[in-house]
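In this text, residue positions in the sequence shown follow the numbering used here: the first is 2, and each later residue adds one.
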Amino acid sequence: MDFDTFLFDLDGTLVDSAADLGTAVNLLRAELGLDPLSMDRVRSYVGDGATMLVRRALPENAFSERHLQRFLQLYEEHLVDQTTMYPGIDEFLIAHQDKKMAVISNKPFDLTMHLLFELGLTAFFGCIIGANDKLPKKPDPAPVFMALRDLQSDVDTAVMIGDHHTDLRAGHAAGIKTCFCAWGIGRTDGFPCDYQAETPQDLLRLFPA
């Protein structure tokens with residue numbers, strides 16, 4: 002099938018941001034007198050948005066809106082200390098720069114835009130969607146529908162590319178094909194996908210220019 006629209010998750014798909022997320026989590030925990038978490042533990046908490054990350058990273062019943070806002074502040078301060086684009090992603094974006102592309106992230110919109118700008122990626126995407134108060138997060142298909150509408154794309158020629166079951170569920174619910182990125186920090190939770198890429202380089206083999 003020929004695709005003309007590629008919808009990407011951000012964290013764990015386009016960029017490896019786990020180290021900086023871990024820095025912010027452990028700085029917050031330190032302020033609360035808690036021991037640091039391992040990077041593997043932090044990675045297992047990523048993929049469902051900042052609120053869920055902070056809930057999982059704190060003891061039961063310790064979550065508060067104030068702690069969430071402090072985490073976001075700490076994370077923004079360390080947003081691109083160690084975050085990098087996965088090797089091979091740039092080749093795919095350049096090869097498909099004539100196609101319609103979007104980022105759909107559960108990361109807050111301002112942080113999504115800031116991160117993409119700092120890594121020089123904003124120009125590739127005709128639509129960038131981050132978490133906000135007006136739109137449900139993935140796995141709800143609403144952000145996928147919004148991206149398709151903004152890009153004037155058809156469901157039959159679009160694919161959702163991501164490393165987490167939330168991406169697969171959102172794409173499936175929207176009626177588009179899905180591709181799971183096995184190199185990321187998420188997991189399928191057994192949810193099926195139409196394509197699977199083991200490495201970023203596999204994307205060009207699955208979806209040649």
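The C-beta atom is built at its ideal place from N, Cα and C for all residues, glycine as well.
Spatial distance of residue i from residue j (CA atoms)
i           : j           : result
residue 65  : residue 57  : 12 Å
residue 153 : residue 90  : 24 Å
residue 184 : residue 35  : 30 Å
residue 93  : residue 38  : 34 Å
residue 120 : residue 206 : 24 Å
residue 209 : residue 203 : 10 Å
residue 155 : residue 180 : 17 Å
residue 6   : residue 33  : 44 Å
residue 195 : residue 3   : 14 Å
residue 44  : residue 113 : 18 Å
residue 192 : residue 88  : 26 Å
residue 125 : residue 96  : 11 Å
residue 72  : residue 55  : 7 Å
residue 61  : residue 100 : 45 Å
residue 19  : residue 67  : 22 Å
residue 74  : residue 51  : 12 Å
Spatially closest choice to residue i from the options, by CA coordinates
i           : options           : result
residue 198 : 39, 162, 135, 136 : 162
residue 167 : 85, 132, 29, 188  : 188
residue 84  : 8, 30, 32, 16     : 16
residue 149 : 97, 177, 124      : 177
residue 79  : 23, 158, 9        : 23
residue 109 : 76, 86, 101       : 76
residue 98  : 116, 82, 127, 81  : 127
residue 186 : 115, 122, 49      : 49
residue 165 : 51, 122, 47, 70   : 47
residue 81  : 182, 12, 40       : 12
Residue interval of the beta strand (DSSP E) (run including residue i)
i           : result
residue 160 : 159-163
residue 102 : 101-109
residue 24  : Here residue 24 belongs to no beta strand (DSSP E); instead the alpha helix (DSSP H) covers 19-32.
residue 197 : 196-198
residue 130 : 128-132
Residue i classed as buried or exposed, judged by whether at least 16 other C-beta atoms fall within 10 angstroms
i           : result
residue 190 : exposed
residue 175 : buried
residue 170 : buried
residue 144 : buried
residue 118 : exposed
residue 201 : buried
residue 21  : buried
residue 111 : exposed
residue 157 : exposed
First and last residue of the uninterrupted alpha helix (DSSP H) at residue i
i           : result
residue 148 : 143-152
residue 46  : 40-46
residue 167 : 166-175
residue 52  : 51-58
Touching by the beta-carbon criterion (3+ pairs, under 8 Å), the segment 97-111 and the segment 127-143: yes
Sufficient close CB pairs (3 or more, under 8 Å) joining the segment 119-133 to the segment 17-35: no
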